[in-house]
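Shown next, in structure tokens, is the structure this report addresses.
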Amino acid sequence: MAKATLSPEKQKHKRKVKKNVRQAEKRRLQNRYHISRMKTAFKKFNEVLKKEGAEAAAKLLPLCQKLAMKAAAKGAIHKNEASRRISRAALKLKKALQNQQAA
């Protein structure tokens, strides 16, 4: 099949389209970086909470909060998602601390 040639109207947009593709890939990689760091921090928080207890996990919660809010600020995730993740982690920690004190 022969390669179709672009009409003169479409040729002027060709450079812009290539630039948009480059920008989108750059943004995708940046978003992936921020989301990955955030998810890893929350996974580590949950593991420490289960294995080592609430006191050790309490030290990791500020890092999780920081990474979630940074990801939201960069536009990788929505700010409500960041708040929801932080809230759920804090609730888990609170329940663990209450169970530890009750026991």
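For the sequence shown, this note's numbering begins at 185 and goes up steadily by one. Even for Gly, the Cβ is constructed at its ideal location relative to N, Cα and C.
Taking a cut-off of 8 Å for Cβ pairs, the stretch 214-222 and the stretch 256-263 touch, as three or more such pairs fall below it.
A Cβ-Cβ distance of about 6 Å is found for the pair A241 and L277, placing them in contact under the 8 Å criterion.
Residue environment analysis places L245 among the buried positions, since at least 16 neighbouring C-beta atoms fall within 10 angstroms of its C-beta. Counting C-beta atoms within 10 angstroms of its own C-beta, L251 has 16 or more neighbours from the protein chains shown and is therefore classed as buried.
Under the DSSP assignment, A238 falls in the alpha helix (DSSP H) whose first and last residues are 238-257. The residues A225, in chain order, have a CB closer than 6 Å to that of L247 in the same chain once the five nearest residues on each side in sequence are set aside. Here I261 carries a coil assignment [DSSP, helix/strand/coil].
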